[in-house]
Amino acid sequence: MNRTAVLRGTAARTAVVVAATALVLTSCARDDGSGTPAVPTARSHARALTPTEDLRITDAEQRLIRRCMARHGFRYWEDRTLTARESRPLGYVQDDLAWARVHGYGSRIRAKEDRARLHNPNIAYRAALPATRKAAYDTAMDGGHDAEPLRTRTPGGGTVAKRSGGCTGAAEETLYGDPATWFRLDTTASNLRPLYVGRLLKDRRFTAAVDAWSRCMARAGHPYPDPQAARQATRDHPAEQTQAEEARSYAAETRIAVADATCARSVLLGPIGREREAYYLNRLPRAYVATLDAYRQLRLTALRRAEHITPARA
């Protein structure tokens, strides 16, 4: 049975994220300012954005929404909770040693995000509006309840929908052009991993690299079968901790994360994972690879536009 989800537009990039996406199998492309991924794909010609570039588009979208909402008589706060470095995505393979030394696996970053969500000024602002102004706010933000939603299908056969009116839709149109085209490309590109993740997990070269990583970790005093197990071990503590307990947990997390990154680099787990992921990704049906290419091209276009809207986050 098809599953329909209605996603409210916010400042964040629209992406329909399925459960399997949590198993991001490869670390991100090196974000060294060159804008060049470590391993190019074989059939998709446009490059993927670096995390810093991706963040700049998100920030530009927020800036556009803020300006638009102001024109409608409402306030809107842009989210700059994290620095560019803190915003770096954490993949299954974590081979950024410098990042691990400072952030471990990012538990304090997640806590920082949680605090920001708890005290989101946009939510508090909307809640304080009288009913009539609240309805006007919703209409200004994304078209409100009467807006005709965009609909598209996921590669897995489900149906998703979202509102794309108001300031959110206008921001997307400024960055990407036709909102319906962008929604279709984004939905497909964001849901390709489940189509090949099973084969990647069983790939001989990839599993051999994970085994080599595990042996390296065991020699370092951290006997874990794979990176996910190592990461999960650092989360096995009470949700509520005293300051001293949190400091000890964080120190242990950082030690394991540094060993993880060191071993990943020593056995080339990141490059091997990226190469094998590209291998399976580019053996998907041609229509999906073409969609991914179009998605990346559109993201590059959005980046060029974003560069004229907001500076890169520090």
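Under mature numbering (1 follows the signal peptide of the UniProt record, and there is no 0), the residues of the sequence shown are numbered -29 to -1, 1 to 285, in order.
Every residue, glycine too, gets a C-beta built ideally from N, C-alpha and C.
- Bridge partners of Val131 according to DSSP: Thr123.
- The beta carbon of Leu163 sits closer than 8 Å to the beta carbons of Pro126, Leu252, Leu255, Tyr259 and Leu263 from its chain, once the five residues preceding and following it are set aside; these are given in chain order.
- Under the three-state reduction of DSSP output, Glu84 falls in the helix class.
- Per DSSP, the continuous alpha helix (DSSP H) segment holding Arg270 begins and ends at Arg257 to Ala277.
- In this structure, Gly140 is the residue among Thr158, Gly140 and Thr159 with its C-alpha nearest to the C-alpha of Pro150.
- In the structure shown, Phe154 falls within a helical segment according to DSSP collapsed to helix, strand and coil.
- Within the same chain, and ignoring the five residues on either side of Leu121 in sequence, the residues whose Cβ sits closer than 7 Å to its Cβ are Ala132, Lys133, Ser135, Pro150, Ala151 and Phe154.
- Excluding the 5 residues flanking it on each side, Arg79 has same chain C-beta neighbours closer than 8 Å at Tyr221, in chain order.
- Beyond the five residues adjoining it in sequence on each side, Ala235 comes within less than 8 Å, by CB distance, of Ser(-3), Val64, Gln65, Asp66, Trp184, Pro198 and Gly241 in the same chain, given in chain order.
- Look at the beta carbons and you see the region 32 to 50 not touching the region 190 to 204: under three pairs across the two are nearer than 8 Å.
- By the neighbour-count criterion, in which a residue is buried when 16 or more other Cβ atoms sit within 10 angstroms of its Cβ, Ala228 is buried.
- By a beta-carbon distance limit of 8 Å, Leu146 contacts Arg276. Their separation comes to about 5 Å.
- Taken in chain order, the unbroken stretches of alpha helix (DSSP H) that lie wholly in the region 172 to 258 and span 4 residues or more are 175 to 190, 198 to 204, 214 to 237 and 240 to 252.
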